[in-house]
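**Q** Here you go, one structure.
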Amino acid sequence: MQTNPTESILLRTLKGKPTERPPVWFMRQAGRVLPSYLEIKKQYTFWQMMQHPEVAAKVTLLPVDDLGVDAAILFSDILVVPYAMGMGLDFTDDGPVFEEPLAFRENPVAGLFPDPAKLDYIYAVIDEINRTKPANIPLIGFCGAPLTVLLFMLQGLGRKGDFPDAIRFIYENKETTKQLIDALTEMSIEYIKGQIKHGIDVFQLFDTHAGLLPFDVYNELFLPPVRKIAQVVRDAGLPFIFFPKGIGTGLAGISPEEADFLNIDWQTPLTTARKLVHSDIGLQGNIDPRLLFAPQEEIEKELKKYLRFGAENQNWIFNLGHGFMPGIPFENARFLADWAKNADWKRS
Numbered sequence: 111m112q113t114n115p116t117e118s119i120l121l122r123t124l125k126g127k128p129t130e131r132p133p134v135w136f137m138r139q140a141g142r143v144l145p146s147y148l149e150i151k152k153q154y155t156f157w158q159m160m161q162h163p164e165v166a167a168k169v170t171l172l173p174v175d176d177l178g179v180d181a182a183i184l185f186s187d188i189l190v191v192p193y194a195m196g197m198g199l200d201f202t203d204d205g206p207v208f209e210e211p212l213a214f215r216e217n218p219v220a221g222l223f224p225d226p227a228k229l230d231y232i233y234a235v236i237d238e239i240n241r242t243k244p245a246n247i248p249l250i251g252f253c254g255a256p257l258t259v260l261l262f263m264l265q266g267l268g269r270k271g272d273f274p275d276a277i278r279f280i281y282e283n284k285e286t287t288k289q290l291i292d293a294l295t296e297m298s299i300e301y302i303k304g305q306i307k308h309g310i311d312v313f314q315l316f317d318t319h320a321g322l323l324p325f326d327v328y329n330e331l332f333l334p335p336v337r338k339i340a341q342v343v344r345d346a347g348l349p350f351i352f353f354p355k356g357i358g359t360g361l362a363g364i365s366p367e368e369a370d371f372l373n374i375d376w377q378t379p380l381t382t383a384r385k386l387v388h389s390d391i392g393l394q395g396n397i398d399p400r401l402l403f404a405p406q407e408e409i410e411k412e413l414k415k416y417l418r419f420g421a422e423n424q425n426w427i428f429n430l431g432h433g434f435m436p437g438i439p440f441e442n443a444r445f446l447a448d449w450a451k452n453a454d455w456k457r458s
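Pasting the structure below:
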C-alpha cells in the first residue's frame, strides 16, 4: 500500500496537530464539475464505473490532479448498502431507483436478504486506489447514515425529496423502523470494516437528511447507531467525521462519543457552530456550494471571511456545506482549492 499518513495535512489536522493551513477537500469532488470525469462518463454507466476497479480508482483520484485537493474520497454511492441487503437497485440517468421501496411492502423486514459479498467489488476498488494513489494523499471511505439510507429504502425516489411516505412510515411503524435500523446498521458496520481492512485512512458518515426529523426523535432512533458506527471506526484507529446535514441547533446534542469532526452545512455559520459544538470536536465545512456559480471576485470576497476562523481554529477542515452541484464551472472549483491552499491563514 502506497500510504504515508504522517505526511498528510488532513490526517495531521484530524489528529489535533498544528498545520500551516487548513486541509482542503470537497464532497462530490470526483465527478460533476470535472471535465475529465464527464469524458469517462461517456464510456460507462454509473454502475459500470463503480464496479470496474481501474475506472473507479481513476475517478477517485481525478480531483487530486485536477483540483489539487489534499485527500481522495472513494468513488461510490450510499445506496450500495441496501443493494447488498437484497433490494433491487438500478442507477438511471435520473438517479437511483429501487424496484420496490420498503414502505409499500406488506412485510418490509422479511424482504431483506443481506449478502456482504455484494460489496466485494468496492474493496477491489480500494485496493486499486491504494496501489496507484500518491503516498501523501489519504483515502476517505464513507457510507450513508441509517436515517438517510433508510429514507431511500422506504420510499425510493418517486416523490419529493422530503420523503413524506418514509417519514409517515417511521411514525406509524416505530418497532418495524427499529428493526430496519438494526439491520441497516449491522450491514453498514460490515461494510465499514471491509473498507478499513482494505486500507482507507479516514471515514465519513453522511446523514444528508438528518434535519427531516425533530432532534428528539433523531436522538432516540438514529444517534445510537451513529455512536455504534463511530466506535467501530475509532476502535480501528481511524478518525471519524460525521455530517448531519440540516440538524441546526441539534449540533449541540452531538457529543465527542459520536464524532471526532462534524461537517457543518451552509445554513449554520461556522462561528455559531463552534459555539454549539463540543470543544473536543473539530469542524469541517461549511462553504455554500452555490457560491461557486458567482464570479471569482465575489467568491474570493466571501472566502476572505473564513480567514479569521481558520487562523483561530486549527481543528477545521476547509470543505463545502454539501457536495458540488451540477453546472458549477470547473474553473471556480479549481479557484476554490487554490485559494484555500495559497491564502495567508496567519498561523504561526
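So the sequence shown is numbered by the working numbering: it starts at 111 and just counts up by one.
Beta carbons: idealized from backbone N, C-alpha and C, even for Gly.
Measuring straight from C-alpha to C-alpha, what distance separates methionine 435 and arginine 142?
**A** Going by the C-alpha atoms only, they are around 7 angstroms apart.
**Q** Looking at C-alpha atoms only, which residue of Ala234, Cys253, Pro224, Ile236 is the closest neighbour of alanine 293?
**A** Among Ala234, Cys253, Pro224, Ile236, the Cα nearest to that of alanine 293 is on Pro224.
**Q** Using the three-state DSSP reduction, which class does tryptophan 426 fall into: helix, strand or coil?
**A** Here tryptophan 426 sits in strand by DSSP.
**Q** Over the uninterrupted alpha helix (DSSP H) stretch that includes threonine 286, give me the two end residues.
**A** Note, threonine 286: alpha helix (DSSP H), 284-307.
**Q** In chain order, which continuous runs of the beta strand (DSSP E) of length 3 or greater are located wholly inside the region 376-422?
**A** List check, beta strand (DSSP E) in window: 392-395.
**Q** Mind listing, in chain order, the continuous alpha helix (DSSP H) runs of no fewer than 4 residues lying wholly within the region 177-201?
**A** If we require 4 residues or more, the alpha helix (DSSP H) runs fully inside the region 177-201 come out as 190-194.
**Q** If you reduce the DSSP assignment to three classes, tell me which class glutamine 265 lands in.
**A** In this structure, glutamine 265 counts as helix in the three-state DSSP scheme.
**Q** Can you look up phenylalanine 156 in the DSSP assignment and give me helix, strand or coil?
**A** Helix.
**Q** What first and last residue would you give for the beta strand (DSSP E) that runs through tyrosine 206?
**A** According to the sequence shown, residue 206 is proline rather than tyrosine. 205-208 is the extent of the beta strand (DSSP E) around proline 206.
**Q** State buried or exposed for threonine 155, treating a residue as buried only when at least 16 other CB atoms are found within 10 Å of its CB.
**A** With fewer than 16 Cβ atoms within 10 Å of its Cβ, threonine 155 is classed as exposed.
**Q** Quickly, what does DSSP pair valine 312 with across the bridge? List them, please.
**A** Answer is Ile250, bridged to valine 312.
**Q** Flag isoleucine 302 as yes when its Cβ comes closer than 6 angstroms to any non-hydrogen atom of the ligand GDP, and as no otherwise.
**A** Of the ligands one can find in the structure shown there are none, so the ligand GDP has no counterpart to examine.
**Q** Tell me which residue opens and which closes the beta strand (DSSP E) that phenylalanine 434 is part of.
**A** Phenylalanine 434 -> no beta strand (DSSP E), and no H or E assigned at all.
**Q** On the premise that leucine 184 lies in contact with isoleucine 236, defined as a C-beta separation below 8 angstroms, what is that separation, rounded to the nearest angstrom?
**A** The Cβ separation is near 7 angstroms, so the contact holds.
**Q** Identify the continuous alpha helix (DSSP H) that holds phenylalanine 445 and give its terminal residues.
**A** Unbroken alpha helix (DSSP H) run through phenylalanine 445: 440-452.
**Q** Would you decide whether lysine 355 is buried or exposed? Buried here means 16 or more other CB atoms lie within 10 Å of its CB.
**A** Under this definition lysine 355 is a buried residue.
**Q** Three or more beta-carbon pairs under 8 angstroms between the region 251-264 and the region 174-182, yes or no?
**A** No, they do not touch.
**Q** Taking the alpha-carbon of lysine 228 as reference, which of Asn396, Lys168, Gly196 has the nearest alpha-carbon?
**A** The shortest C-alpha separation from lysine 228 is found at Gly196.
**Q** Distance check for glutamine 158 and tyrosine 147, CA to CA, integer angstroms please.
**A** Rounded to whole angstroms, tyrosine 147 to glutamine 158 spans 14 angstroms at the Cα level.
**Q** Please classify asparagine 373: does DSSP put it in a helix, a strand, or coil?
**A** Residue state, collapsed to three classes: strand.
**Q** Find out if the Cβ-Cβ distance for the pair leucine 124, proline 349 is shorter than 7 angstroms.
**A** Going by C-beta atoms, leucine 124 is nearer than 7 angstroms to proline 349.
**Q** Isoleucine 239 lies in the alpha helix (DSSP H); which residues open and close that run?
**A** Here the alpha helix (DSSP H) through isoleucine 239 covers 230-242.
**Q** Suppose you measure from the CA of proline 399 to the CA of glutamine 139; what does that come to, to the nearest Å?
**A** Whole-angstrom Cα-Cα distance: 11 angstroms.
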